[in-house]
Amino acid sequence: MIVKIEEGNECCLIMTLLLMMRCNGEGVSGRKKERGREARMGWKEKGRKQKNNNRRKKKTKKKERRREGEKKGMELEKKRDEKEKESKNA
1 MIVKIEEGNE
11 CCLIMTLLLM
21 MRCNGEGVSG
31 RKKERGREAR
41 MGWKEKGRKQ
51 KNNNRRKKKT
61 KKKERRREGE
71 KKGMELEKKR
81 DEKEKESKNA
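Next comes the structure, spelled out in structure tokens:
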């Protein structure tokens, strides 16, 4: 790339160099250039992927909570049955 340097144009030159470095993913702190599948997808696909992951997490949490609730329910039923047996025997 050829850049014509004129008086008072130094700022523009620096900015163009920084932009070039940013496009190549080098030299500038911050997010590096993405590689692989994420780089090929657009932002919509990335958002969809994240949304799907969150939905999957939510489902597993719900399942775990339900299992815990079932366990607690079973324990309560056992205690209730034991109390009924004791009251019948007494």
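When we follow UniProt numbering, the leftmost residue of the sequence shown carries the number 1, and every step to the right adds one. Note that CB positions come from ideal geometry on N, CA and C, so glycine has one too.
CA-to-CA distance, residue j to residue i, given in whole angstroms
i: ASP81; j: MET74; result: 11 angstroms
i: GLU45; j: THR60; result: 23 angstroms
i: LYS79; j: LYS85; result: 10 angstroms
i: GLY42; j: ARG65; result: 35 angstroms
i: LYS63; j: ARG48; result: 23 angstroms
i: ASN53; j: GLU70; result: 26 angstroms
i: residue 99; j: SER87; result: Lying before the first or after the last residue shown, residue 99 is absent from the chain, which here runs from 1 to 90.
i: LEU76; j: ASN89; result: 20 angstroms
i: ARG56; j: ILE14; result: 46 angstroms
i: LYS58; j: LYS51; result: 11 angstroms
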